[in-house]
Amino acid sequence: MNPSRKDLIYEAQTKSISIALIYSPNELNQYIVEIISKDSDLYILENDNIRHFLSVNDAISNAKKYGAQQFFLCVYNTYDECGSMGSAQQFDYIPIHFP
């Protein structure tokens, strides 16, 4: 089972690591990155606006510059397309393994 957002925040805080959550708000055409760490939670910005990346690789490369050590692709709840399960979790957090 994939972790929840709450699980990832807890892991970042207790292990003192930075985790990148990579969202695709436009049907996999662009990506935005949220960095969660022990003491902060921020989005990668460009000129005070959320920066959009054209590929997952670009998103990961930039997240690494912010110290991210783990990466997760955040996709809308893939196991409940019709909303019938009543899940409180909006996203599934799928780990990305990147060299």
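Okay, so the sequence shown: first residue is 3 according to our numbering, each after it adds one.
For every residue, glycine included, the Cβ atom is placed at its ideal position computed from N, Cα and C.
Predicted, not measured: the structure shown is a model, and the values here were computed from it.
Exclusion of the five residues before and after V77 leaves F93, D94, I96 as the residues of its chain whose Cβ lies within less than 7 Å of its Cβ.
Close CB contacts of P27 within its chain, under the 8 Å cut and outside five residues either way in sequence, are with I34 (chain order). Exposure of I52 is indicated by the presence of fewer than 16 other C-beta atoms within 10 angstroms of its C-beta.
Annotation for S18: K40 place their beta carbon closer than 7 Å to its own, counting only its chain and skipping 5 residues before and after. Annotation: the continuous beta strand (DSSP E) that includes A22 extends over 21-25.
Taking C-beta separations shorter than 8 Å and ignoring five residues to either side along the sequence, the partners of S57 in its chain run Y33, following chain order. Remark: C-beta atoms of I21 and I62 do not approach each other more closely than 8 Å. Secondary structure note for D43: its beta strand (DSSP E) is the uninterrupted segment 43-45.
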